[in-house]
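Once you know that position 176 of the sequence shown is 1460 in our numbering, the rest is easy, because the numbers rise by one and skip nothing. Positions of the beta carbon are idealized from the N, C-alpha and C atoms, including for glycine. A short worksheet on the structure shown next.
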Amino acid sequence: MYSYLGITQHIDLALISLYLFWAFFAGLIYYLHRENKREGYPLVEEHPVGRGVSIVGFPGVPEPKTYILHGGHGTSSLPSGRAERADLALARTAGFAGAPFVPVGDPMTAGVGPGSWAERADTPDLTVDGAPKIVPLRAAPDFHLAPEDPDPRGWPVIAGDRVAAGVVSDVWIDLSEYMARYFEIEMPGGAKALVPTTFARVDGRRGRVSVTALYSDNFAGVPKTASPDQVTMLEEEKIAAYYGAGLLYAHPGRAEPLL
1285 MYSYLGITQH
1295 IDLALISLYL
1305 FWAFFAGLIY
1315 YLHRENKREG
1325 YPLVEEHPVG
1335 RGVSIVGFPG
1345 VPEPKTYILH
1355 GGHGTSSLPS
1365 GRAERADLAL
1375 ARTAGFAGAP
1385 FVPVGDPMTA
1395 GVGPGSWAER
1405 ADTPDLTVDG
1415 APKIVPLRAA
1425 PDFHLAPEDP
1435 DPRGWPVIAG
1445 DRVAAGVVSD
1455 VWIDLSEYMA
1465 RYFEIEMPGG
1475 AKALVPTTFA
1485 RVDGRRGRVS
1495 VTALYSDNFA
1505 GVPKTASPDQ
1515 VTMLEEEKIA
1525 AYYGAGLLYA
1535 HPGRAEPLL
């Protein structure tokens, strides 16, 4: 009897609850870490002679799960087992693992480094009602710019070389977030391009929009949209990536050392 009490005298409901909580929490960490590997795994470490080393780690990649996409755009199974963007325009600068990579061809459109983009769906992002989320004001008659904010339409767009690249012809807005996402600019000759508002500075005092990420001759290469009044998620990725690449590659001098 004494031996039995010696084993159990320190065990009570509080201790059992603590142990159960630890077990639950450990299981939760395992589950979340495993679910975190639905995209981007297995990792592949490049080898100088061309063989990739697969890195999965613990726990392993979960079994595929099928998701129903919003707006009737079918389904998506993750992990898909498909290598995204396997044809990256990159070249190793030396023949050893860990050597830096440099873009191949035009660095503005290579889609690597500061100009990297993800392979999102080539369909517009949708509102909860199933309508395209990002549209120009001309296609959203029920929306308008706030009266207390400057209206940049008609203002010149000044590039990083301090040359006017065009004028703002419209503002693209997010119907779900009620905010401006892009400035549409019209360049000499009538061609149009979208400028993410995050890369633009609106100068209400001078009546202009500054976009220092690009030089004036770079705007002709901004990826175009297939529709004049819609932008797909893939097009958004490529447009933003082009401006990101411009921060380093718009002019050869930007890629040189600062000192």
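Cβ shell of residue i (< 6 Å), same chain only, five flanking positions each side left out
{"i": "R1404", "result": "M1517, L1518 and E1521"}
{"i": "R1492", "result": "W1439, P1440 and I1442"}
{"i": "P1436", "result": "V1452, V1486 and V1493"}
{"i": "L1374", "result": "F1385 and V1396"}
{"i": "G1547", "result": "Within the shown structure, residues of the chain are numbered from 1285 to 1543, placing residue 1547 beyond reach of any answer."}
Strand pairing of residue i, partner residues [DSSP]
{"i": "G1530", "result": "DSSP output for G1530 lists no bridge partner at all."}
{"i": "T1516", "result": "P1408"}
{"i": "Y1462", "result": "Note: Y1462 sits in no beta bridge, so no partner."}
{"i": "F1503", "result": "BP columns for F1503 are empty, so no partner."}
Classification of residue i by the beta-carbon crowding that lies within 10 angstroms, buried from 16 upward
{"i": "T1509", "result": "buried"}
{"i": "W1306", "result": "exposed"}
{"i": "S1511", "result": "exposed"}
{"i": "R1465", "result": "buried"}
{"i": "K1417", "result": "buried"}
{"i": "V1506", "result": "buried"}
{"i": "N1502", "result": "buried"}
{"i": "L1478", "result": "buried"}
{"i": "A1394", "result": "buried"}
{"i": "S1301", "result": "exposed"}
{"i": "P1420", "result": "buried"}
Sequence-distant residues of the same chain with beta carbon closer than 7 Å to residue i, five excluded per side
{"i": "K1476", "result": "S1453, E1468, I1469 and E1470"}
{"i": "R1376", "result": "A1383 and F1385"}
{"i": "V1340", "result": "Y1325 and P1326"}
Spatial neighbours of residue i in its chain, beta-carbon cut-off 8 Å, leaving aside the 5 residues before and after
{"i": "A1424", "result": "I1457 and L1459"}
{"i": "L1304", "result": "none"}
{"i": "H1357", "result": "A1405 and T1407"}
Limits of the beta strand (DSSP E) - the one that residue i falls within
{"i": "R1492", "result": "R1492 to V1495"}
{"i": "F1385", "result": "F1385 to P1387"}
{"i": "A1378", "result": "Segment: none, A1378 is in no beta strand (DSSP E) and carries neither H nor E."}
{"i": "A1510", "result": "First-last for A1510: undefined, no H or E at that position."}
{"i": "L1478", "result": "K1476 to P1480"}
{"i": "P1420", "result": "I1418 to P1420"}
{"i": "I1442", "result": "P1440 to A1443"}
{"i": "R1369", "result": "R1369 -> no beta strand (DSSP E), and no H or E assigned at all."}
{"i": "V1447", "result": "Unbroken run through V1447: none, as it is neither H nor E."}
{"i": "D1487", "result": "R1485 to D1487"}
Pick out the complete beta strand (DSSP E) segments inside the stretch 1315-1361, 3 residues or longer, and give them in chain order. 1327-1329, 1337-1339 and 1349-1352
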